[in-house]
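In the numbering used here, the protein residues as written are 21 to 285.
For every residue, glycine included, the Cβ atom is placed at its ideal position computed from N, Cα and C.
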């Protein structure tokens, strides 16, 4: 029975990949007619995703004391944000870059059994720490989608792609505004989450200076803080600013997927 529920997670991940690829294909070939509606396929994936999360809640493994559970919930938030931009704001391009990220996180959560953290980590303050970080990650993910859409628009203008290609991309002003706004939201949440984590570690008497996850998170924070400094103080060019967002988010994603807390041991 557990295998059947795990299939819902895989169905969702595949649906997200195919939906994103279909959107990107129509960008490259505007006159190509797809045999299915990418948005409907994405909705099917979202339903499977919801069933996968529901099974995790029912069986008790989906708690915020495991990285796999955080990945499953965070990927759901990313899909919700992508669908909102796709349907409400009519911006399917950012969603095309958000959906594969959600699929990667969902695959991470579906592979193997969740590694539970030690019992002392199951505290209210720890849940606040994780909740703030999830909200910050979500905002920075939306910023990444807007930044990639902006860079793609600049590239298409320089390469003089067909006008049909340009009409499917959001205006430059919209993506520039969204990217900076979501960083302004995400970085304070990330900062608060890290501060709560430091307070929790001090409360529990756990050293944090040598934790690789903490050090990598500080690097991520520094990159996005450098973005704000370059955006509002140094007045960098927009393209350079968005590449800084891409670099910062890449470090964030690698940190989340590959670096483990030594505090969890």
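Counting only runs of 4 or more residues that sit fully inside the segment 210 to 261, the alpha helix (DSSP H) segments are 232 to 249, in chain order.
Looking at 266, 196, 117, 194, the one whose alpha-carbon comes closest to that of residue 44 is 117. Closest in alpha carbon position to residue 263, among 71, 219, 172, 99, is 172.
Around the CB of residue 190, 16 or more other CB atoms lie within 10 Å, so the residue is classed as buried.
Close CB contacts of residue 245 within its chain, under the 8 Å cut and outside five residues either way in sequence, are with 207 (chain order).
Just measuring C-alpha positions, the residue of 221, 53, 254 sitting nearest residue 146 is 221. In this model, residue 149 and residue 217 are separated by some 6 Å (Cα to Cα). By the criterion of at least three beta-carbon pairs nearer than 8 Å, the segment 28 to 38 is in contact with the segment 65 to 81. Less than 8 Å divides the Cβ of residue 158 from the Cβ of residue 98. Cβ-Cβ distances below 6 Å link residue 162 to 101, 202 in the same chain, with the five nearest sequence neighbours on each side left out; the list follows chain order. A direct Cα-Cα distance of roughly 29 Å separates residue 252 from residue 110. Within the same chain, Cβ atoms closer than 7 Å to the Cβ of residue 268 are found at 240, 243, 244, 247, the five residues on either side in sequence being excluded. Secondary structure in the segment 155 to 208: the alpha helix (DSSP H) runs of 4 residues or longer, each lying completely within the stretch, are 183 to 187 in chain order.
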